[in-house]
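Participant: To start, I am sharing the structure in question, which I have written as structure tokens.
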Amino acid sequence: MANRTIIPFGPQHPVLPEPIHLDLVLEDEKVVDAIPKIGYVHRGLEQLAEKRDFNDYLYVIERTCGICSFMHGMGYVEAMERIFDTEIPDRAKYLRTIWAEMSRVHSHLLWLGLLADAFGFEALFYQTWRLREQILDMFEESTGGRVIFSVNKIGGVLKDMPKEMLQKFVKNFDGMEKELKKLTNVFLNDYTVQSRLKGVGMLSPQDAVYLGAAGPMMRASGIKIDTRTLGYAAYSDIDFDIITSKECDCYARCDVRIQEIFQSFHIIRQAVNKIPDGEISVAVKGNPNGEAFMRVEQPRGEAIYYCRANGTKFLDRVRVRTPTFTNLTPLLHTLKGCELADVPLLILTIDPCISCTER
Amino acid sequence: MAKVSKSPWMLHYDGSSCNGCDIEVLACLTPVYDVERFGVLNTGNPKHADILLITGGINTQNKPVVEQLYSQMPEPKVVCAVGICACNGGVFKDCYNIIGGVDKVLPVDVYVPGCAARPNAIIDGVVKAVAVLEEKRKKYKKERGEKA
Ligand code: SF4
């Protein structure tokens, strides 16, 4: 048997923007085991529900993660709306859908850039992030914020998008789509990129289900699950495909995310065509009483929100289960048996969001 | 902006941030904002770094990490706290696991407020940090009796 070495990986590591620590047990260049150590970003924000009232708490939960901040807010307010038993106006539902899909595009582009950076393709990283700035500009124009833009409220949304703005955005998306096609050509057809991604980090469909993978990680293993089909916000009126792939490797995960970006553009276009006029919020009175569950499809997979209220303005319990948390087990599984040089790439392909995981 | 005689390198560490500030720090490096035009380069190695850019507050688990990173950096060095979390704890101030802002464990030279801090603000902070670094370098050299 070859000698075993333990290599510490993280918490501060050049390819990881976020702190996570792994002890990699190596035999020569092969990883035989990976022992994670987490908790570097733990803040304890679920407990903060005892100190902030249910309206203020929205601003805390939006800061669970800055990348899908809008979706965290949306999951929480939809759970609270269930407790209050309110129906929000249709226009608000559509606006939420549009912002949610824009967040997905922004998040996937961010991930593609980081992936390019991880395998050392600096120019590609810069190009994807340049494209991503266009989405951030649109966020800024419609809400005033670039990454954290707090437009949700219990009972609707805070800001409206006029018709001209929506039309303009759709036009921007046309331009973005063209540029993205050029970029995806590199991601999917470049020989060097393929040699880094193909056949690396296999996760069989059985393992994906057994280990509880979520989101694109699961869909890349051929399992067709997408929480958007439950029809929260305006998704029940919109038709879209669930993108899956049969190849189960890093390349498949890249492919699935890229196709999802195009799918998101498709959803936004439909939503802009169908959006009805009218109010954007309803007033919600009194204090909540009861409990509710809400499942939301985030860019990284399914997130679950649980709220329990007791008739006062402070909630008893808020629980968030985020997709990266469930994706950690499949990650540890794929790490076993891989080469040391592939470790950063594998960690990136689950699209890790450590601050979601540890809250 | 003070005249800069060297290209300062920057080390970014994510304390316990929500990622909002991190992606803005990364956005600074990419074409639209591009801090590299000030000669600032992002590095992953604390031993090469002059500016330590920290996002997010300090908690019990990452306190030793932050201290270690700082101690590994060569003198003179500057600490720049990005985002209101890093300045004083921000929205998470009352969380049970948050000790407070970065200044609880390290001497912070530049504070960049905002939640999330905008890239323009971050660049302004970095440029200020470059000026502070220059001053520190002069002082450091004087103490050692070298020519500035
Ligand atoms: S200042 Fe705001 S955006 Fe930045 S890390 Fe803290 S909570 Fe997130």
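As given, the protein sequences belong to chains A and B, one line each in that order.
Using the working numbering, the first residue of the first sequence is number 1204, and each one after it goes up by one.
Using the working numbering, the first residue of the second sequence is number 6, and each one after it goes up by one.
Just so you know, even glycine gets a beta-carbon here, dropped at the ideal spot from N, CA and C.
The structure presented is a predicted model; accordingly, all values stated were derived computationally and were not measured.
Assess, as a yes-or-no matter, whether the region 125-145 of chain B is touched by the region 62-75 of chain B under the definition of 3 or more beta carbon pairs within less than 8 angstroms.
Facilitator: Not touching, per the Cβ criterion.
Participant: When Cβ atoms are compared, which residues of the region 1254-1275 of chain A fall closer than 7 angstroms to chain B?
Facilitator: So the list reads K1254, Y1262, V1263, R1266, T1267, C1268, G1269, I1270, S1272, given in the order they occur along the chain.
Participant: Do S22 of chain B and G62 of chain B have their C-beta atoms within less than 9 angstroms of each other?
Facilitator: yes
Participant: Taking Cβ positions, are I1286 of chain A and E1494 of chain A nearer each other than 9 angstroms?
Facilitator: yes
Participant: By the 7 angstroms beta-carbon criterion, what residues does the region 63-89 of chain B contribute toward chain A?
Facilitator: N64, Q66, N67, V70, L74
Participant: Check A122 of chain B in the structure and name its three-state DSSP category.
Facilitator: Here A122 of chain B carries a coil assignment [DSSP, helix/strand/coil].
Participant: Is the shortest distance between the beta-carbon of C92 of chain B and the beta-carbons of chain A less than 9 angstroms?
Facilitator: no
Participant: Which residues in chain A have a C-beta closer than 7 angstroms to the C-beta of I28 of chain B? List them in chain order.
Facilitator: G1269, I1270, L1313, V1350
Participant: Counting only Cβ pairs nearer than 9 angstroms, list the residues of chain B close to W1332 of chain A.
Facilitator: L31, A32, L34, T35, P36, V37
Participant: Can you determine whether any heavy atom of the ligand SF4 sits closer than 8 angstroms to the C-beta of A122 of chain B, and answer yes or no?
Facilitator: yes
Participant: Provide the residue span of the beta strand (DSSP E) that contains L1298 of chain A, from first to last.
Facilitator: No beta strand (DSSP E) holds L1298 of chain A; the alpha helix (DSSP H) holding it covers 1293-1321.
Participant: Is it true that the CB of I1478 of chain A sits closer than 9 angstroms to the CB of L1383 of chain A?
Facilitator: Remark: C-beta atoms of L1383 of chain A and I1478 of chain A do not approach each other more closely than 9 angstroms.
Participant: Identify which residue in B:W14, B:Y18, B:C26 has its Cα closest to the Cα of A126 of chain B.
Facilitator: Closest option to A126 of chain B, Cα to Cα, is B:C26.
Participant: My output table needs one value for V37 of chain B: the three-state DSSP class, helix, strand or coil.
Facilitator: coil
Participant: What is the rounded straight-line gap between the Cα of N1530 of chain A and the Cα of L1543 of chain A?
Facilitator: 20 angstroms
Participant: Exposed or buried, N24 of chain B, counting other C-beta atoms within 10 Å across all chains shown (16 or more means buried)?
Facilitator: buried
Participant: Grab the span of the alpha helix (DSSP H) containing A1423 of chain A for me, first residue to last.
Facilitator: A1423 of chain A -> no alpha helix (DSSP H), and no H or E assigned at all.
Participant: Got a sec, what are the start and stop residues for the beta strand (DSSP E) T1208 of chain A sits in?
Facilitator: 1207-1212
Participant: For a contact defined as C-beta to C-beta under 7 angstroms, what are the partners of L1251 of chain A on chain B?
Facilitator: D99, C100
Participant: Tell me which residues of the region 1218-1251 of chain A have at least one Cβ-Cβ distance to chain B shorter than 7 angstroms, keeping chain order.
Facilitator: The region 1218-1251 of chain A vs chain B, Cβ under 7 angstroms: P1220, E1221, P1222, G1242, Y1243, V1244, H1245, R1246, G1247, L1248, Q1250, L1251.
Participant: In chain order, what residues of the same chain have a beta carbon less than 8 angstroms from the beta carbon of T1432 of chain A, not counting five sequence neighbours either side?
Facilitator: Y1438, I1445
Participant: Do G94 of chain B and A122 of chain B have their C-beta atoms closer together than 9 angstroms?
Facilitator: no
Participant: Classify T1395 of chain A: buried if its beta carbon has 16 or more other beta carbons within 10 angstroms, exposed otherwise.
Facilitator: exposed
Participant: If I'm right that L1551 of chain A touches L1317 of chain A with Cβ under 8 angstroms, what's the distance once you round it to whole angstroms?
Facilitator: 6 angstroms
Participant: Compute every distance between the C-beta of A1486 of chain A and the non-hydrogen atoms of the ligand SF4, then say whether any falls below 8 angstroms.
Facilitator: no
Participant: Whole angstroms are fine: how far does the CA of D19 of chain B sit from the CA of T60 of chain B?
Facilitator: 5 angstroms
Participant: Under 8 angstroms: do the region 1507-1527 of chain A and the region 1253-1264 of chain A share three or more Cβ pairs, one atom per stretch?
Facilitator: The region 1507-1527 of chain A makes contact with the region 1253-1264 of chain A, as at least three CB pairs between them are under 8 angstroms.
Participant: Starting from G1415 of chain A, follow its DSSP beta bridges and name the residues at the other end.
Facilitator: Answer is none; G1415 of chain A lacks a bridge partner.
Participant: Does DSSP put R1246 of chain A in a helix, in a strand, or in coil?
Facilitator: coil
Participant: For E1230 of chain A, does the three-state DSSP call read helix, strand or coil?
Facilitator: strand
Participant: Just the Cα atoms here: how many angstroms apart are F1566 of chain A and S1272 of chain A?
Facilitator: Outside the displayed range of chain A (1204 to 1562) lies residue 1566 of chain A, so it cannot be described from this structure.
Participant: Give a yes or no on contact between the region 1417-1433 of chain A and the region 1501-1513 of chain A, applying the rule of three or more CB pairs nearer than 8 angstroms.
Facilitator: yes
Participant: Hey, is G1419 of chain A's beta-carbon within less than 9 angstroms of any beta-carbon in chain B?
Facilitator: Looking at the sequence shown, residue 1419 of chain A is not Gly but Pro. For P1419 of chain A, the answer is no, since every Cβ of chain B falls outside 9 angstroms of its Cβ.
Participant: How about V1499 of chain A and Y1413 of chain A: do their beta carbons lie closer than 9 angstroms?
Facilitator: no
Participant: Within 10 Å of its beta-carbon, does I1209 of chain A have 16 or more other beta-carbons around it, so buried, or fewer, so exposed?
Facilitator: exposed
Participant: What does the Cβ neighbour count give for D1231 of chain A, buried or exposed, with the cut at 16 atoms within 10 Å?
Facilitator: exposed
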